[in-house]
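Colleague: Structure below; questions to follow.
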Amino acid sequence: MPKRRIPLDEEGFRLIGNACGTDKTLHHGYQRFYPQFLAPLRRRRKLAILEIGYGEGKSVPLWRALFPQAQVICLDRDVSESGEGYEVLKVDQSDPEAVAAVVDRIEQPVHLIVDDGSHVPSHQLSSFSILFEHLLVPGGIYIVEDVETSYWTNGDVYGYPTRFGLHSPWSAVEALKLAVDYLNRSCLAPQDKTLVEHTLSMAGLSPTAVGLISMLTFAQNCVIATRMQPDHLAFMERPYLYSALTARE
Ligand SMILES: C[S@@+](CC[C@H](N)C(=O)[O-])C[C@H]1O[C@@H](n2cnc3c(N)ncnc32)[C@H](O)[C@@H]1O
0 MPKRRIPLDE EGFRLIGNAC GTDKTLHHGY QRFYPQFLAP LRRRRKLAIL
50 EIGYGEGKSV PLWRALFPQA QVICLDRDVS ESGEGYEVLK VDQSDPEAVA
100 AVVDRIEQPV HLIVDDGSHV PSHQLSSFSI LFEHLLVPGG IYIVEDVETS
150 YWTNGDVYGY PTRFGLHSPW SAVEALKLAV DYLNRSCLAP QDKTLVEHTL
200 SMAGLSPTAV GLISMLTFAQ NCVIATRMQP DHLAFMERPY LYSALTARE
């Protein structure tokens, strides 16, 4: 008897996530947002998913149930292991060089990247800057989970102090908000475009990586970015039709 395919909609994602015991569904309710982005990945014959943060390994069976064809690669500071359809590489996300080395290590194209690692805003931004540009395929999806830490003013996460808060210069949410202005860079006067690029860099987000975003979604506690197809770049770089209306002295 062929196995029944789990529907990749809110209910299907919730049921399988809860069965796996992952807080993605049990606590965060990410089933409300992810299915519409992930459903097209089902059509791929070959699929690779990279997740930062293995934890107790509860999301691996979730990904494997939804995408039986997928190879899941996890990065974790504390774990190194492998099993059927998955591998965990011991990598410290706080070290950008270690994250960059992963790009050389992974040979297959990666279609989905999920950052559920340290949740430290600077790590979320540096990992995005490296992996979005150098590992994710055009059309691929990048999800930064648990951006709640950007609002924390006390405490710690995985041993890292969390002294951020609303509008903090170290907030990942604030940095990613700037990406919205860069998505609309074709409407910016040259000096405003330069200012946004500079501010992105100061915030810890690579303008080159951000320049490859085609769509950006802010949802409760997560941010989802889609990587542009190369032939869509022309829309971003063409002279603005109304440039006289946005010019600066
Ligand atoms: C929230 S858990 C992952 C949960 C898992 N993705 C799931 O859905 O079941 C976060 C993991 O990130 C790991 N972690 C914390 N700091 C890290 C760092 N600097 N680099 C890599 N992994 C880190 C923790 O050890 C922990 O295993």
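Take the sequence shown: its position 152, counting from 1, is numbered 151 in numbering that gives the first Met the number 0, and each next residue is one higher. Built from N, CA and C at the ideal position, the CB exists for glycine as well. Source: prediction; values computed, not measured.
Could you check whether S81 and K89 sit closer than 8 Å to each other, using their CB atoms as the reference points?
Modeller: Going by C-beta atoms, K89 is not nearer than 8 Å to S81.
Colleague: Identify the continuous alpha helix (DSSP H) that holds V59 and give its terminal residues.
Modeller: Segment S58 to L65, the alpha helix (DSSP H) holding V59.
Colleague: Provide the residue span of the alpha helix (DSSP H) that contains E173, from first to last.
Modeller: Unbroken alpha helix (DSSP H) run through E173: A171 to L182.
Colleague: Could you pull the start and end residues of the alpha helix (DSSP H) that E10 belongs to?
Modeller: That run of the alpha helix (DSSP H) goes E9 to C19.
Colleague: Rounded to a whole number of angstroms, what is the C-alpha to C-alpha distance between Y85 and L134?
Modeller: Cα to Cα, the separation comes out at about 18 Å.
Colleague: For A171, which residues in the same chain have their Cβ closer than 6 Å to its Cβ, ignoring the five residues on either side in sequence?
Modeller: The residues are P120, Q123, L124, V146 and S149.
Colleague: Please work out which residues of its chain come closer than 6 Å, Cβ to Cβ, to L195, disregarding the five sequence neighbours upstream and downstream, and give them in chain order.
Modeller: Inspection of the sequence shows that residue 195 is occupied by Val rather than by Leu. These residues qualify, in order along the chain: D180 and Y181.
Colleague: Can you pull every residue whose C-beta falls closer than 7 Å to some heavy atom of ligand 1, listed in chain order?
Modeller: Every residue passing the under-7 Å Cβ criterion appears here: T21, D22, K23, E50, I51, G52, Y53, G54, E55, G56, K57, S58, L74, D75, R76, D77, V78, V90, D91, Q92, S93, D115, G116, S117, H122 and Y157.
Colleague: Which residue's Cα is closest to the Cα of A178: S128, G158, G138 and E96?
Modeller: Selected option, being the one with the closest Cα: S128.
Colleague: For Q250, which three-state DSSP category applies?
Modeller: The structure shown does not extend to residue 250, since the chain spans only 0 to 248, so no value can be given for it.
Colleague: Can you tell me whether L46 is buried or exposed, with buried defined as 16 or more other CB within 10 angstroms of its CB?
Modeller: When all chains shown are included, L46 counts as buried.
Colleague: Can you confirm whether the segment 44-60 touches the segment 69-78 when touching is taken to mean that 3 or more C-beta pairs between the two stretches lie within less than 8 Å?
Modeller: They touch, by the three-pair rule.
Colleague: Can you list the beta strand (DSSP E) stretches of 3 or more residues lying completely in the segment 93-161, in chain order?
Modeller: As far as the segment 93-161 is concerned, its whole beta strand (DSSP E) runs of at least 3 residues are 109-114 and 135-144.
Colleague: Do you know whose CA, among M235, S213 and E132, lies nearest V101's CA?
Modeller: The shortest C-alpha separation from V101 is found at E132.
Colleague: Quick one: grab the DSSP three-state call for Y29.
Modeller: If DSSP states are grouped into helix, strand and coil, Y29 belongs with the helices.
Colleague: Would you call the segment 160-168 and the segment 223-242 touching, i.e. three or more CB-CB distances under 8 Å?
Modeller: Verdict: no, contact absent.
Colleague: Please determine, among S185, A38, G158 and M214, the residue with the shortest C-alpha to C-alpha distance to K176.
Modeller: Nearest option by C-alpha distance: M214.
Colleague: Based on Cα-Cα distance, which residue from L111, S117 and E144 lies nearest to L252?
Modeller: The displayed coordinates of the chain run from 0 to 248. Any statement about residue 252 would go beyond what the structure contains.
Colleague: Between L37 and chain B, is the shortest Cβ-Cβ distance under 8 Å, so that the two count as touching?
Modeller: Chain labels in this structure do not include chain B; a single protein chain is all it has.
Colleague: Within 10 angstroms of its Cβ, does D114 collect 16 or more other Cβ (buried), or is it exposed?
Modeller: Buried, because 16 or more other Cβ atoms sit within 10 Å of the Cβ of D114.
Colleague: Straight-line CA distance for M227 to Q92?
Modeller: So the two alpha carbons sit approximately 25 Å from each other.
Colleague: When the Cα atoms are used, what is the spatial distance from R31 to D94?
Modeller: For R31 and D94, the distance between alpha carbons rounds to 32 Å.
Colleague: Please classify G318: is it buried, with 16 or more other beta-carbons within 10 angstroms of its beta-carbon, or exposed?
Modeller: There is no way to answer for residue 318, as the model of the chain reaches only from 0 to 248.
Colleague: Can you name the start and end residues of the alpha helix (DSSP H) that A243 belongs to?
Modeller: Segment S242 to T245, the alpha helix (DSSP H) holding A243.
Colleague: For H118, I'd like the list of residues in its chain whose CB is within less than 7 Å of its CB, leaving aside the five on either flank, ordered along the chain.
Modeller: Excluding residues within five positions, the ones whose Cβ falls inside 7 Å are D145, T148 and V156.
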